[in-house]
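Encoded as structure tokens, the structure appears first; notes follow it.
Number of protein chains: 2
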Amino acid sequence: MARTVDPEQHRRRRVHIIESAVWLFATKGFAATTTADICRAAGVSTGSLFHYFPSKQAVFHAIWELDQVEWDAVVAAADADPDPWSALMAIVDKFAADAAEPMMAGLLVEIIAQAHRDPGFAAGLAATDRRQMAVVADLVRRLREAGLADPGLPDDEAARWVMTLTDSFLGRGYPEPDRDPVEATATVKLLIARVLRYAGPVEVRSD
Amino acid sequence: MARTVDPEQHRRRRVHIIESAVWLFATKGFAATTTADICRAAGVSTGSLFHYFPSKQAVFHAIWELDQVEWDAVVAAADADPDPWSALMAIVDKFAADAAEPMMAGLLVEIIAQAHRDPGFAAGLAATDRRQMAVVADLVRRLREAGLADPGLPDDEAARWVMTLTDSFLGRGYPEPDRDPVEATATVKLLIARVLRYAGPVEVRSD
DNA sequence: GTCTATAGCCGGATAGAC
DNA sequence: GTCTATCCGGCTATAGAC
Numbered sequence: 012m013a014r015t016v017d018p019e020q021h022r023r024r025r026v027h028i029i030e031s032a033v034w035l036f037a038t039k040g041f042a043a044t045t046t047a048d049i050c051r052a053a054g055v056s057t058g059s060l061f062h063y064f065p066s067k068q069a070v071f072h073a074i075w076e077l078d079q080v081e082w083d084a085v086v087a088a089a090d091a092d093p094d095p096w097s098a099l100m101a102i103v104d105k106f107a108a109d110a111a112e113p114m115m116a117g118l119l120v121e122i123i124a125q126a127h128r129d130p131g132f133a134a135g136l137a138a139t140d141r142r143q144m145a146v147v148a149d150l151v152r153r154l155r156e157a158g159l160a161d162p163g164l165p166d167d168e169a170a171r172w173v174m175t176l177t178d179s180f181l182g183r184g185y186p187e188p189d190r191d192p193v194e195a196t197a198t199v200k201l202l203i204a205r206v207l208r209y210a211g212p213v214e215v216r217s218d
Numbered sequence: 012m013a014r015t016v017d018p019e020q021h022r023r024r025r026v027h028i029i030e031s032a033v034w035l036f037a038t039k040g041f042a043a044t045t046t047a048d049i050c051r052a053a054g055v056s057t058g059s060l061f062h063y064f065p066s067k068q069a070v071f072h073a074i075w076e077l078d079q080v081e082w083d084a085v086v087a088a089a090d091a092d093p094d095p096w097s098a099l100m101a102i103v104d105k106f107a108a109d110a111a112e113p114m115m116a117g118l119l120v121e122i123i124a125q126a127h128r129d130p131g132f133a134a135g136l137a138a139t140d141r142r143q144m145a146v147v148a149d150l151v152r153r154l155r156e157a158g159l160a161d162p163g164l165p166d167d168e169a170a171r172w173v174m175t176l177t178d179s180f181l182g183r184g185y186p187e188p189d190r191d192p193v194e195a196t197a198t199v200k201l202l203i204a205r206v207l208r209y210a211g212p213v214e215v216r217s218d
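If you read the sequences in order, they're chains A and E. Numbering-wise (our numbering), the first sequence opens with residue 12 and increments by one. Numbering-wise (our numbering), the second sequence opens with residue 12 and increments by one.
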């Protein structure tokens, strides 16, 4: 009786505000997005917004936290896959799919820009990145121990280079309309194979 | 007599303001940098600033234009070098040196962020990038025709991947203190060799 | 050409009724 | 919990004396 309010509803409203804000941050940038913009997009008033979040920055941070949940599933899938190469390719596909959402590219740029200024945020970003890198490094190790790859580099360094290649999905900072995402993915897989000196067959097209 | 004022002095003052602003944009970001900040850093008054530049954006654009001059020299040197591999490595070194300046990384992030919002600016960025890519593609062609490399990809696509690897100098968006720039450069050269299937010797250390 | 002073606007965040 | 109304600060850019 003390709490008549559904905590679940509270969470849902929060998520709704976050999802409205993501689009704005990605297209206009963090600084150029006003709290009024967010309120309009989410259909709430200023007062409500600041009831759910203490500041504009807090809304931005919450976006990042939401994304972590998705990655947990990806990591779990990679660990469960008995074939390390297919697990690695699944991760590559996940990166490619993320980057294909036009919003994601703009958002990531904004996240990196924030990290360059806010050390605390940078630390969180670094932690996430290390987690992702550890998963990839583990897959490289499994490939190497199975005799399927010989990067000639420490596993973690090799993982870093794999992720450098997947970063290319984000493009070079400007629209490249003539670039075919499917082909780009295939090329990344090919180059990962070369960099790791992978000995197995590289699936070039999945359809 | 009509003009008592040295146009050269006008140019020097402009450059001075630009150089003061670069630092601020790189560390605080474009939006968070106020025109008052720029004035203070450059030691001029508000009125003067807007005498030299019509807007804050114009200051930012001018930075980019200044950088172009530097690149012209790099391009000329690459064309003149009879050895395409050493010319390519010189370009890699130039990218590495740029990224080693801590300011440059922050500035580039800001430039990319701007490009995501301002189509006109993005077009300029794309043009510069194409110019750089064309130089690299030409070097790949020369390597290929000399029988020293066989990327198995079109030259321009191979050039794109070379530049993807050099992008890694900029890091992953957060400080990585344990990363040795000299070693990173050597690794990039090694990976470029693998990606291009370069047949010649890879200089691993220059000192 | 350079300054001081300030216009004019809009931002994030709060107060307090309901 | 949600709203309306509003504060307060700081911003870009301009005006006008020198």
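We put the beta carbon where it would ideally sit given N, CA and C, even for glycine. All figures in this text were calculated on a predicted structure; none of them were measured in a lab.
Taking only the alpha-carbon atoms, compute the straight-line gap between residue i and residue j and give it to the nearest angstrom.
i, j, result
"residue 97/E", "residue 109/E", "18 Å"
"residue 56/E", "residue 40/A", "29 Å"
"residue 168/A", "residue 49/E", "40 Å"
"residue 120/A", "residue 124/E", "6 Å"
"residue 45/E", "residue 74/A", "27 Å"
"residue 80/A", "residue 33/A", "16 Å"
"residue 152/E", "residue 193/A", "25 Å"
"residue 174/A", "residue 53/A", "35 Å"
"residue 222/E", "residue 213/E", "Nothing can be reported for residue 222/E, as the shown portion of chain E is limited to 12 through 218."
"residue 178/E", "residue 165/E", "20 Å"
"residue 106/E", "residue 100/A", "30 Å"
"residue 176/E", "residue 159/A", "24 Å"
"residue 204/E", "residue 113/E", "27 Å"
"residue 111/A", "residue 103/E", "29 Å"
"residue 115/A", "residue 26/A", "17 Å"
"residue 199/E", "residue 24/E", "39 Å"
"residue 29/A", "residue 71/A", "8 Å"
"residue 88/E", "residue 136/E", "22 Å"
"residue 149/A", "residue 118/E", "34 Å"
"residue 202/E", "residue 91/A", "30 Å"
"residue 182/E", "residue 37/A", "21 Å"
"residue 42/A", "residue 161/E", "46 Å"
"residue 62/E", "residue 83/E", "29 Å"
"residue 122/E", "residue 35/E", "13 Å"
"residue 19/E", "residue 93/E", "37 Å"
"residue 134/E", "residue 180/E", "24 Å"
"residue 17/A", "residue 47/A", "27 Å"
Any idea if residue i is buried or exposed, counting beta-carbon neighbours within 10 angstroms, 16 or more meaning buried?
i, result
"residue 66/E", "exposed"
"residue 171/E", "buried"
"residue 195/A", "buried"
"residue 163/E", "exposed"
"residue 69/A", "exposed"
"residue 190/A", "exposed"
"residue 58/E", "exposed"
"residue 5/A", "Here chain A has residues from 12 to 218 only, and residue 5/A is not among them."
"residue 51/A", "exposed"
"residue 22/A", "exposed"
Within 8 Å (strictly less), CB to CB, does residue i reach chain A?
i, result
"residue 63/E", "no"
"residue 140/E", "yes"
"residue 155/E", "no"
"residue 105/E", "no"
"residue 128/E", "yes"
"residue 32/E", "no"
"residue 185/E", "yes"
"residue 110/E", "no"
"residue 160/E", "no"
"residue 40/E", "yes"
"residue 43/E", "yes"
"residue 131/E", "no"
"residue 148/E", "no"
Against chain E, with Cβ distances strictly below 8 Å, would residue i count as a contact?
i, result
"residue 176/A", "yes"
"residue 179/A", "yes"
"residue 60/A", "no"
"residue 192/A", "no"
"residue 35/A", "no"
"residue 120/A", "yes"
"residue 211/A", "no"
"residue 123/A", "yes"
"residue 205/A", "yes"
"residue 98/A", "no"
"residue 69/A", "no"
Inside the segment 98 to 126 of chain E only - alpha helix (DSSP H) runs reaching at least 4 residues
113 to 126
At least 3 beta-carbon pairs within less than 8 Å: the segment 185 to 198 of chain A vs the segment 130 to 138 of chain E
yes
For the 8 Å Cβ check, are there 3 or more pairs between the segment 135 to 149 of chain E and the segment 201 to 209 of chain E?
no
Any alpha helix (DSSP H) of 4 or more consecutive residues that is wholly inside the segment 27 to 72 of chain A:
46 to 53, 57 to 63
Going along the chain, which unbroken runs of the alpha helix (DSSP H) with 4 or more residues stay wholly within the segment 142 to 195 of chain A?
166 to 178
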